[in-house]
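Here the structure comes first, spelled out in structure tokens, and everything after it is commentary.
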Amino acid sequence: MLKLFGVLILIGLMCIASVNGATVVIPSAQIANCYANDGETSNVTLYLDQAKDGLSGYKMTIGFSISGIAKINSVSFPEWANTTHNVVGTLPGQKVTVSAADLYQKVQSGSKKVPLCTLDISGITFGTTSLTVEVTEMTNDYGKSIPITPYPYSSIIVYSIPPLQSSLDAPRDMNHDGLLDDFNGNRVIDMNDIVVFFQAWSYGVTNSLPVAPFDYNQNGRVDVNDIVTYFNLIWKTS
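First residue of the sequence shown: 3, per the numbering used here; consecutive thereafter.
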């Protein structure tokens, strides 16, 4: 049976805000809870909520407030930075410096929710840490700096999810979206996963486990509607 480490990233005051209203958000709103299992990764996107005067580029250092709990496996960049980006640091690792330039001015003035980079993160051991970002440079299309003021960052809680039945492997997040979908741990999403999810809920197995990886309806608890929502999602996209 496989042992699982999960990474739960809690959204609250998780941003770096600039004095002119622009904000670098960690992580993106659609990744409320990130999860990883024995070599699998979670995708966390950092983005600028608005680019009032466009974006020429940036340089920033990303790390963790407490090392040794989670690690950055890789960094990818959005389409606007395809030809001009760089990563300085050893990966997998605890800290990297990333930079990018928008040579073709694809990030135009007034752009909203501009992706900056995406981190693949996995857990190392149990504990709590936070993502930290130090912006060295953030420049608009007029060559002016976008001043950045630090705010509280996202909490990263590394936890363990055991197999939901003794004969199974640990459940997995095959889509890397923070929600479990391979409940029997066999790397295939099918009707058997729905049965395992239902049984885990009906027998109360989920009562002692973290809520977020099971909370498909985002109501803060594990209930039968999560199973229904999961079922509809699987069969609507299959």
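No residue lacks a Cβ here, since even glycine has one placed at the ideal position from N, Cα and C.
query = According to the Cβ coordinates, are Pro173 and Leu181 closer than 8 Å?
reply = no
Expected contact under 8 Å - CB spacing of Ser44 and Ser124 to nearest Å = 7 Å
query = Of the residues Val160, Phe79, Lys146, which one's Cα is nearest the Cα of Tyr49?
reply = Phe79
message = Applying the 10 Å Cβ sphere with the 16-neighbour rule, what's the burial state of Tyr218?
response = buried
key: For Val77 and Val90, believed in contact at Cβ under 8 Å, the rounded distance   = Wrong, their Cβ atoms sit about 10 Å apart, outside the cutoff.
message = If I follow the unbroken alpha helix (DSSP H) through Met193, where does it start and stop?
response = 193-204
query = Which stretch, first to last residue, makes up the beta strand (DSSP E) that contains Met176?
reply = No beta strand (DSSP E) holds Met176; DSSP gives it neither H nor E.
ask   = Since Gly95 sits in a beta bridge, which residues does DSSP pair it with?
value = DSSP output for Gly95 lists Ile74 as bridge partner(s).
request  = Please state whether DSSP places Ser210 in a helix, a strand or coil.
outcome  = Note: Ser210 maps to helix in three-state DSSP.
query = In chain order, what residues of the same chain lie with their CB nearer than 6 Å to the CB of Pro164, ignoring the 5 residues before and after it?
reply = none
query = With 16 other CB atoms within 10 Å as the buried threshold, where does Tyr60 fall?
reply = It is buried - the Cβ of Tyr60 has at least 16 other Cβ atoms within 10 Å.
query = Along the chain, where does the beta strand (DSSP E) that runs through Pro164 open and close?
reply = It is not in any beta strand (DSSP E) - Pro164 carries neither H nor E in the DSSP assignment.
request  = Helix, strand or coil for Ile158, going by three-state DSSP, please let me know.
outcome  = In the three-state scheme derived from DSSP, where H, G and I count as helix and E and B as strand, Ile158 is classed as strand.
Simplified DSSP assignment, three categories, for Phe66 = strand
query = What number of angstroms, rounded off, separates the C-alpha of Arg189 from the C-alpha of Ser162?
reply = Whole-angstrom Cα-Cα distance: 18 Å.
ask   = Between the beta-carbon of Asn75 and the beta-carbon of Asp122, is there less than 8 Å?
value = yes
key: Cβ-Cβ distance between Ala83 and Val160 below 8 Å   = Result no, Cβ atoms of Ala83 and Val160 do not sit closer than 8 Å.
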